[in-house]
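Residue 24 in our numbering sits at position 10 of the sequence shown, and the numbers go up by one each step. Here the structure is laid out as structure tokens; the discussion comes afterwards.
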Amino acid sequence: TIMITLEPGDVPCYMLLEQLQVPRVIGKAGAIIKELRQESGATVNILDKQLPEALQRSYHVAFAKSSEPRALQSAVLGLVRNARGPMAFKSL
Numbered sequence: 015t016i017m018i019t020l021e022p023g024d025v026p027c028y029m030l031l032e033q034l035q036v037p038r039v040i041g042k043a044g045a046i047i048k049e050l051r052q053e054s055g056a057t058v059n060i061l062d063k064q065l066p067e068a069l070q071r072s073y074h075v076a077f078a079k080s081s082e083p084r085a086l087q088s089a090v091l092g093l094v095r096n097a098r099g100p101m102a103f104k105s106l
């Protein structure tokens with residue numbers, strides 16, 4: 015279980031991911047999520063045990079935080095892009 019700590023100025027963002035989206039966000043051996051952390055400069059994690067037990071089989075929570083607005087924006091856009099796949103922004 016990951017402990018969430020917020021420093022003064024940090025802005026948190028939580029996203030609900032379907033179980034099938036989690037591997038897309040993490041990648042093989044964590045490669046995709048590591049790259050997203052490096053590219054954005056934000057803290058990015060997938061949290062477990064943050065939802066009621068009945069929902070844990072179907073959903074996970076993605077968490078991002080940063081005190082820099084551009085870093086958080088980059089992390090959130092990366093999470094959405096990775097979770098939804100390459101067509102994520104075609105409909106926006």
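By construction, the Cβ of each residue, glycine as well, lies at the ideal position given by its N, Cα and C atoms.
Alpha helix (DSSP H) containing residue i: first to last residue?
i   : result
P37 : 36-40
Report buried or exposed for residue i, applying the criterion of at least 16 other Cβ atoms within 10 angstroms of its Cβ.
i    : result
T19  : exposed
S88  : buried
L108 : A query on residue 108 cannot be resolved here, the shown segment of the chain reaching from 15 to 106 and no further.
G47  : What sits at residue 47 in the sequence shown is Ile, not Gly. It counts as buried.
By the DSSP assignment, the beta strand (DSSP E) with residue i in it spans what residues?
i   : result
E32 : 25-32
Please report how far the alpha carbon of residue i lies from the alpha carbon of residue j, in whole angstroms.
i   : j   : result
D10 : S81 : Here the chain covers residues 15 to 106 and nothing more, so residue 10 does not appear.
L93 : P66 : 22 Å
D62 : V39 : 14 Å
L30 : L86 : 16 Å
Q74 : Q64 : First, the amino acid is wrong: residue 74 is His here, not Gln. Each residue's Cα considered, the two are about 8 Å apart.
Write down every uninterrupted run of the beta strand (DSSP E) in the region 42-96 whose length is 3 residues or greater and which is fully enclosed by it, in chain order.
-> Runs found: 57-61, 73-80.
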